[in-house]
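S.K.:
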Amino acid sequence: MDNSLYFIFEDEGTRDEVLGQLKNGLPLTGDRRAERKQLYLDTYDHRLYKKGLLLTNEDGRLILRDTGDGSSLSLDLPAYGGMPRFWRDLPEGPFRDNLRSVIDVRALLPVVGVESLVNHLYLENEDGKTVAHINFEDVEVDGDNADKAVIHLLEAVPVRGYAGEFENLTRYISALGPAPAGGNILSIALGASGKKAGDYTSKVSVVLTPDMPSGEAIKIILRSLLETMRKNEDGIVKDIDTEFLHDFRVAVRRTRSALTLIRGIFPENVKEEFKTEFAGIGKKSNELRDLDIYLLRREEYTEMLPPALRAGLDPLFDIIVREREEAHREFALELASDSYRRSIEAWEKFLYEPEAPGDALPGAAEPVIGLAKLRIRKRYKKALKLGKAIDGSSSDRDLHTLRIECKKLRYYLEFFESLFPADEIKEVIRHLKKRRQGEHRRRGRAHIGVIREAEGNKVRIPRQVRGVRR
Amino acid sequence: MITLALYSMKGGVGKTAAAVNLAHLASAGTCRTLICDLDPQGASSYYFRIKASRNFNSSKFIKGGRFIDENIKGTDYPNLDLLPSKLSYRNLDLALDEMKNSKFRLRKIFGEIEHEYDYLFLDCPPGISLVSENVFNAADYIFVPLIPTTLSVMTYEKLLDFFTNKEYDAGRLYAFFSMVESKKSLHREIMEKIESGGHNVLRTRIPYRSDIERMGVYREPVTAFLPQSDSARIYADLWEEIRGITGKGGSEG
Ligand SMILES: Nc1ncnc2c1ncn2[C@@H]1O[C@H](COP(=O)(O)OP(=O)(O)OP(=O)(O)O)[C@@H](O)[C@H]1O
Ligand SMILES: [Mg+2]
Numbered sequence: 001m002d003n004s005l006y007f008i009f010e011d012e013g014t015r016d017e018v019l020g021q022l023k024n025g026l027p028l029t030g031d032r033r034a035e036r037k038q039l040y041l042d043t044y045d046h047r048l049y050k051k052g053l054l055l056t057n058e059d060g061r062l063i064l065r066d067t068g069d070g071s072s073l074s075l076d077l078p079a080y081g082g083m084p085r086f087w088r089d090l091p092e093g094p095f096r097d098n099l100r101s102v103i104d105v106r107a108l109l110p111v112v113g114v115e116s117l118v119n120h121l122y123l124e125n126e127d128g129k130t131v132a133h134i135n136f137e138d139v140e141v142d143g144d145n146a147d148k149a150v151i152h153l154l155e156a157v158p159v160r161g162y163a164g165e166f167e168n169l170t171r172y173i174s175a176l177g178p179a180p181a182g183g184n185i186l187s188i189a190l191g192a193s194g195k196k197a198g199d200y201t202s203k204v205s206v207v208l209t210p211d212m213p214s215g216e217a218i219k220i221i222l223r224s225l226l227e228t229m230r231k232n233e234d235g236i237v238k239d240i241d242t243e244f245l246h247d248f249r250v251a252v253r254r255t256r257s258a259l260t261l262i263r264g265i266f267p268e269n270v271k272e273e274f275k276t277e278f279a280g281i282g283k284k285s286n287e288l289r290d291l292d293i294y295l296l297r298r299e300e301y302t303e304m305l306p307p308a309l310r311a312g313l314d315p316l317f318d319i320i321v322r323e324r325e326e327a328h329r330e331f332a333l334e335l336a337s338d339s340y341r342r343s344i345e346a347w348e349k350f351l352y353e354p355e356a357p358g359d360a361l362p363g364a365a366e367p368v369i370g371l372a373k374l375r376i377r378k379r380y381k382k383a384l385k386l387g388k389a390i391d392g393s394s395s396d397r398d399l400h401t402l403r404i405e406c407k408k409l410r411y412y413l414e415f416f417e418s419l420f421p422a423d424e425i426k427e428v429i430r431h432l433k434k435r436r437q438g439e440h441r442r443r444g445r446a447h448i449g450v451i452r453e454a455e456g457n458k459v460r461i462p463r464q465v466r467g468v469r470r
Numbered sequence: 001m002i003t004l005a006l007y008s009m010k011g012g013v014g015k016t017a018a019a020v021n022l023a024h025l026a027s028a029g030t031c032r033t034l035i036c037d038l039d040p041q042g043a044s045s046y047y048f049r050i051k052a053s054r055n056f057n058s059s060k061f062i063k064g065g066r067f068i069d070e071n072i073k074g075t076d077y078p079n080l081d082l083l084p085s086k087l088s089y090r091n092l093d094l095a096l097d098e099m100k101n102s103k104f105r106l107r108k109i110f111g112e113i114e115h116e117y118d119y120l121f122l123d124c125p126p127g128i129s130l131v132s133e134n135v136f137n138a139a140d141y142i143f144v145p146l147i148p149t150t151l152s153v154m155t156y157e158k159l160l161d162f163f164t165n166k167e168y169d170a171g172r173l174y175a176f177f178s179m180v181e182s183k184k185s186l187h188r189e190i191m192e193k194i195e196s197g198g199h200n201v202l203r204t205r206i207p208y209r210s211d212i213e214r215m216g217v218y219r220e221p222v223t224a225f226l227p228q229s230d231s232a233r234i235y236a237d238l239w240e241e242i243r244g245i246t247g248k249g250g251s252e253g
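Residue numbers (this note's numbering), protein chains in the order written: chain G, 1 to 470; chain Z, 1 to 253.
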């Protein structure tokens with residue numbers, strides 16, 4: 001249960017001692033034994049967990065619990081269907097809709113497996129009404145590491161409408177043994193397995209201090225971006241979902257943007273060399289990302305056509321699927337290639353190894369706050385100037401330039417976020433993001449234009465699409 | 001949420017027995033189910049060993065919102081909750097009468113919990129009153145237990161007349177036979193007559209059984225304390241038949 005309180009014991013003996021005392025002191029009945037097997041599922045970036053949701057597979061039944069209010073939804077999986085990975089692998093209905101709204105394009109991955117032996121007891125009032133449940137559990141946690149951890153715990157489960165009784169019960173247990181552990185069974189199980197929920201984020205999450213030397217601060221930012229890239233490589237190669245490549249590409253773009261900060265701090269040739277390297281890596285992933293987007297928007301595109309014509313898109317999408325497989329193979333090979341490995345090694349050398357004298361310029365020792373203010377102000381002025389020049393007669397090109405400029409401004413703000421008051425800077429970033437999402441939607445429509453133009457052969461689209469017979 | 005009322009003008013016909021067992025069966029498939037006890041006698045609350053909080057009363061009930069939320073109680077069965085009644089529900093009619101839209105008040109307050117439950121069962125007090133009109137406006141379906149006796153049938157016909165006069169949709173009204181003693185020829189005759197009379201009558205008949213009567217001793221639905229019994233099986237048949245009528249609605253809890 002989800003609004004339950006958990007009490008964790010060092011070993012079985014102490015737990016059973018408390019059990020004995022509870023049975024003596026309280027009108028407990030029942031004592032049913034049951035075995036329970038749960039596999040916790042979440043996306044790579046723990047989207048469910050971050051929304052207070054827990055998804056488990058329990059003997060072929062998917063259960064989605066909301067830890068906020070204790071409510072849950074469940075869905076029985078077909079016996080031979082295999083494990084669903086994406087929302088679209090589930091049958092239509094409220095379960096799928098709810099899950100979709102949270103995980104979106106991400107795949108579900110096993111987080112941790114839990115096998116418990118549960119003893120169930122009831123606490124009754126003078127009418128024989130159950131007012132709380134107590135479970136004594138031996139929980140075997142099956143994480144990354146080979147050896148399984150076993151937790152001995154006691155779970156106090158409230159019954160709606162009997163809050164007072166529940167409070168008395170938990171106070172009683174606390175007096176006999178440990179205080180309740182925070183969190184839910186997943187965080188407890190994860191703790192035992194040595195993993196942490198929600199420790200991946202695609203955001204730039206670095207903590208800088210205002211008087212930190214600029215050289216050090218920039219390396220911290222760049223290291224964090226490299227880490228994000230590297231964390232996503234495996235998911236790209238295994239083709240788990242499209243978000244790995246997306247996050248990877250964003251980290252590459254941000255790296256290129258952060259490189260523009262190093263003027264006067266590190267030698268110009270560092271900037272030039274690595275900007276070219278990262279531009280090359282980004283470019284090699286363009287085709288795969290484009291094809292991913294076509295496929296992600298398949299439903300949207302199809303619905304733009306009158307129902308009678310929709311089936312006509314299928315052959316086109318069949319081709320895109322094949323094209324994408326090819327593009328994925330190519331990019332996976334690229335990530336495994338010597339040249340990629342060499343680029344990364346050179347980059348790591350720059351980021352992690354101590355600088356030789358002369359590697360850093362005088363600006364490297366200046367406090368980062370000055371650099372942050374100066375560069376943000378410059379970007380801001382530029383964006384403002386471009387923005388002011390926009391009017392009814394502006395071309396798509398002008399708008400595009402403005403959009404890119406705003407994105408650069410947002411990246412700078414994100415790099416230096418920790419140097420400014422959190423609520424103010426977050427608000428600005430949020431605004432800039434909103435603007436971009438508006439653009440995105442417009443771009444989505446432009447994609448259809450791309451397909452239409454396919455016949456005219458004007459735009460870069462999947463090679464074989466041009467050969468589609470009508 | 002599908003709202004099902006167990007209603008009859010006549011008292012002691014098996015409304016509460018049906019409400020309690022049907023709700024228990026409904027919740028056993030992962031459907032979130034609530035019983036609302038509307039009877040000041042609190043019989044269904046009693047069957048679940050639930051007492052309302054001291055400070056709950058009829059005027060709080062018809063205010064709805066957080067007063068409902070705070071007073072719903074979990075039964076001993078998963079997915080099954082109950083909103084207990086209070087003796088002060090005797091004044092429900094008067095309290096409703098003072099409200100705007102007084103005939104639609106229950107519909108409004110149940111509308112507020114629509115997304116929390118798949119099924120809502122209303123265990124109604126006997127009689128015809130403002131409370132019952134609220135029930136007719138709030139319920140998607142109204143099930144009337146009918147003991148196959150002359151007096152029962154007469155009151156059922158009165159109810160049908162009432163529906164016609166007030167222009168309620170009698171299509172939502174279903175009768176089922178309750179406390180049937182098939183050894184009695186009068187029971188048999190009356191059932192045949194009604195079933196051929198063109199009314200909505202359910203096929204399943206609830207017989208007179210001592211284990212149903214003993215629910216008052218066990219204070220549990222018969223489907224819970226004697227799940228293998230004949231009585232439990234017959235209630236299960238009744239629930240299947242009702243589910244067929246209401247559509248599957250909310251098979252996911
Ligand atoms: N099928 C049955 N067989 C035997 N006894 C029954 C049966 N159904 C109900 N009873 C008993 O008959 C009495 C009245 O039943 P119940 O309370 O369900 O009727 P009711 O219509 O809800 O009554 P009221 O109008 O007072 O609310 C109860 O004591 C109950 O245990
Ligand atoms: Mg009753």
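Beta carbons: idealized from backbone N, C-alpha and C, even for Gly.
Because the structure is a prediction, the values reported are computed rather than measured.
#1: Give every residue of the same chain whose Cβ lies closer than 6 Å to the Cβ of Ile89/Z, excluding the five residues on either side of it in the sequence, and list them in chain order.
#2: What are the partner residues of Ser116/G, as DSSP defines its beta bridges?
#3: Ser74/G CB to nearest chain Z CB: under 8 Å?
#4: Which one or two residues does DSSP pair with Cys36/Z in a beta bridge?
#5: Is Pro178/G near ligand 1, judged by its Cβ being under 7 Å from some heavy atom?
#6: Give the interface partners of Gly74/Z over in chain G, defined as CB-CB distance under 7 Å, in chain order.
#7: Determine, using beta carbons only, whether Gly128/G comes closer than 8 Å to chain Z.
#8: Between Asp123/Z and chain G, is the shortest Cβ-Cβ distance under 8 Å, so that the two count as touching?
#9: According to the neighbour-count rule (16 or more other Cβ atoms, all chains shown, within 10 Å of its Cβ), is Arg205/Z buried or exposed?
#10: Excluding the 5 residues flanking Asp81/Z on each side, which residues of the same chain have their C-beta closer than 6 Å to its C-beta?
#11: Could you tell me whether the Cβ atoms of Lys129/G and Ile50/Z are closer together than 8 Å?
#12: I need the straight-line Cα distance from Arg85/G to Arg61/G, nearest angstrom please.
#13: Are the Cβ atoms of Leu122/Z and Ala95/Z separated by less than 8 Å?
#14: Based on Cα-Cα distance, which residue from Tyr411/G, Glu216/G, Arg249/G, Ile262/G lies nearest to Pro354/G?
#15: Can you grab the Cα-Cα spacing for the pair Phe153/Z / Lys166/Z, in whole Å?
#16: Along the chain, where does the alpha helix (DSSP H) containing Asp69/Z start, and where does it finish?
#17: Would you mind giving the Cβ-Cβ distance between Tyr200/G and Tyr411/G, rounded to the nearest angstrom? I have them listed as a contact below 8 Å.
#18: How about Glu220/Z: is its Cβ closer than 7 Å to a heavy atom in ligand 1?
#19: When you measure from the CB of Thr16/Z to every non-hydrogen atom of ligand 2, does any distance come out below 7 Å?
#20: Check each residue of the segment 6 to 18 of chain Z: if its Cβ is closer than 7 Å to any Cβ of chain G, include it; give the result in chain order.
#21: Taking only three categories from DSSP, how would you classify His115/Z?
#22: For Pro145/Z versus Val20/Z, is the C-beta spacing smaller than 8 Å?
#23: Enumerate in chain order the residues of its own chain whose CB-to-CB distance from Leu262/Z is below 8 Å, with the five nearest sequence positions on each side excluded.
#24: Could you spell out where the alpha helix (DSSP H) holding Glu126/G opens and where it closes?
#25: Out of Glu35/G, Leu109/G, Tyr294/G, Phe278/G, point me to the one whose CA is closest to Thr255/G's CA.
#26: Taking C-beta pairs closer than 8 Å, name the residues in chain G that Gly30/Z reaches, listed in chain order.
#27: Say yes only if the C-beta of Asp230/Z is nearer than 7 Å to one or more non-hydrogen atoms of ligand 2, and no if none qualify.
#28: Specify the secondary structure class of Tyr162/G as computed by DSSP and reduced to three states.
#29: Pick from Ile212/Z, Glu213/Z, Glu192/Z: whose alpha carbon is nearest that of Arg203/Z?
#30: Quick one: Cα of Gly171/Z to Cα of Phe163/Z, how far?
#31: May I ask you to check if the CB of Ala138/Z is nearer than 7 Å to at least one heavy atom of ligand 2?
#32: I'd like to know whether the C-beta atoms of Glu112/Z and Gly65/Z end up nearer to each other than 8 Å.
#33: Quick one: is Val255/Z buried, meaning 16 or more other Cβ sit within 10 Å of its Cβ, or exposed?
#34: Run through chain G and tell me which residues come within less than 7 Å of Arg49/Z, C-beta to C-beta.
#35: Are the C-beta of Arg209/Z and some C-beta of chain G separated by less than 8 Å?
#36: Taking all protein chains shown into account, do 16 or more other C-beta atoms lie within 10 angstroms of the C-beta of His246/G, making it buried, or fewer, making it exposed?
M.R.: Answer, in terms of the structure:
#1: Counting from 1 along the second sequence, the entry for residue 89/Z is found at position 89. Inspection of the sequence shows that residue 89/Z is occupied by Tyr rather than by Ile. Here the set comprises Pro40, Ser58.
#2: Within the first sequence, numbered from 1, the residue matching residue 116/G stands at position 116. Ser116/G is bridged to Arg36/G, Val139/G.
#3: Counting from 1 along the first sequence, the entry for residue 74/G is found at position 74. At least one C-beta of chain Z is nearer than 8 Å to the C-beta of Ser74/G.
#4: The residue you call residue 36/Z lines up with position 36 of the second sequence. Answer by DSSP bridge pairing, in chain order: Leu83/Z, Leu122/Z.
#5: Working through the first sequence from its first residue, we reach residue 178/G at position 178. False, no ligand heavy atom lies under 7 Å from that Cβ.
#6: Position 74 of the second sequence holds residue 74/Z. Neighbours of Gly74/Z on chain G, chain order: Val159, Arg160, Gly161.
#7: Numbered from its first residue, the first sequence carries residue 128/G at position 128. The beta-carbon of Gly128/G is placed less than 8 Å from the nearest beta-carbon of chain Z.
#8: Indexing the second sequence from 1 puts residue 123/Z at position 123. Cβ-Cβ to chain G under 8 Å: no for Asp123/Z.
#9: Here residue 205/Z corresponds to residue number 205 of the second sequence, with the count starting at 1. Within a 10 Å sphere around the beta-carbon of Arg205/Z sit 16 or more other beta-carbons, which makes this residue buried.
#10: As a position in the second sequence, residue 81/Z is number 81, starting the count at 1. Cβ contact annotation for Asp81/Z (same chain, cutoff 6 Å, sequence separation greater than five): Leu34, Ile72, Gly74, in chain order.
#11: The residue labelled residue 129/G in the question sits at position 129 within the first sequence. The residue labelled residue 50/Z in the question sits at position 50 within the second sequence. Between Lys129/G and Ile50/Z, the CB-CB gap stays under 8 Å.
#12: In the first sequence, the residue the question calls residue 85/G occupies position 85. In the first sequence, the residue the question calls residue 61/G occupies position 61. Arg85/G and Arg61/G have their C-alpha atoms spaced approximately 14 Å apart.
#13: Residue numbering aside, residue 122/Z sits at position 122 when the second sequence is read from its first letter. Residue numbering aside, residue 95/Z sits at position 95 when the second sequence is read from its first letter. No, the Cβ-Cβ distance between Leu122/Z and Ala95/Z is not below 8 Å.
#14: Within the first sequence, residue 354/G is the residue found at index 354, counting from 1. Of Tyr411/G, Glu216/G, Arg249/G, Ile262/G, the smallest CA-CA separation from Pro354/G is found for Glu216/G.
#15: Position 153 of the second sequence holds residue 153/Z. Position 166 of the second sequence holds residue 166/Z. As written in the sequence, residue 153/Z is Val, which differs from the Phe given in the question. Each residue's Cα considered, the two are about 20 Å apart.
#16: Mapped onto the second sequence, residue 69/Z falls at position 69. For Asp69/Z, the enclosing alpha helix (DSSP H) starts and ends at 66 to 71.
#17: Against the first sequence, residue 200/G aligns to sequence position 200. Against the first sequence, residue 411/G aligns to sequence position 411. Contact doesn't hold; Cβ gap of about 20 Å is too wide.
#18: Reading the second sequence from its first residue, position 220 is the one you call residue 220/Z. No.
#19: Locating residue 16/Z in the second sequence gives position 16, where the first residue counts as 1. Yes - ligand 2 has a heavy atom lying nearer than 7 Å to the Cβ of Thr16/Z.
#20: Flagged: no residues at all.
#21: The residue given as residue 115/Z occupies position 115 in the second sequence. Reduced to three states, the DSSP call for His115/Z is coil.
#22: Position 145 of the second sequence, counted from the first residue, corresponds to residue 145/Z. Position 20 of the second sequence, counted from the first residue, corresponds to residue 20/Z. With contacts defined by Cβ atoms closer than 8 Å, Pro145/Z and Val20/Z do not form a contacting pair.
#23: This structure cannot speak to residue 262/Z, because chain Z is shown only from 1 to 253.
#24: Reading the first sequence from its first residue, position 126 is the one you call residue 126/G. It is not in any alpha helix (DSSP H) - Glu126/G carries neither H nor E in the DSSP assignment.
#25: Stepping through the first sequence from its first residue, residue 255/G is reached at position 255. Closest option to Thr255/G, Cα to Cα, is Phe278/G.
#26: By 1-based counting over the second sequence, the position of residue 30/Z is 30. Looking at the sequence itself, residue 30/Z is Thr, so the reference to Gly does not match. The contacting residues are Ser74.
#27: Locating residue 230/Z in the second sequence gives position 230, where the first residue counts as 1. Answer for Asp230/Z: no, Cβ out of range of ligand 2.
#28: Within the first sequence, numbered from 1, the residue matching residue 162/G stands at position 162. The answer is coil: DSSP assigns Tyr162/G none of H, G, I, E or B.
#29: Locating residue 203/Z in the second sequence gives position 203, counting from the first residue. The residue with the shortest Cα to Cα distance from Arg203/Z is Glu192/Z.
#30: Translated into positions along the second sequence, residue 171/Z becomes position 171. Translated into positions along the second sequence, residue 163/Z becomes position 163. Cα to Cα, Gly171/Z sits roughly 10 Å from Phe163/Z.
#31: What you label residue 138/Z is simply residue 138 of the second sequence in a count that begins at 1. When distances are taken from the beta-carbon of Ala138/Z to the heavy atoms of ligand 2, even the shortest one reaches 7 Å or more.
#32: For this step, residue 112/Z is matched to residue 112 along the second sequence. For this step, residue 65/Z is matched to residue 65 along the second sequence. Closer than 8 Å, so yes.
#33: With chain Z represented from 1 up to 253, any question about residue 255/Z goes unanswered, as that position is not in the structure.
#34: The sequence position of residue 49/Z within the second sequence is 49, counting from 1. Within chain G, the residues whose beta carbon sits less than 7 Å from that of Arg49/Z are Asp127, Gly128, Lys129, listed in sequence order.
#35: For this step, residue 209/Z is matched to residue 209 along the second sequence. Chain G contact via Cβ: absent.
#36: Walking along the first sequence from the start, residue 246/G turns up at place 246. Around the beta carbon of His246/G, 16 or more other beta carbons lie within 10 angstroms, which makes this residue buried.
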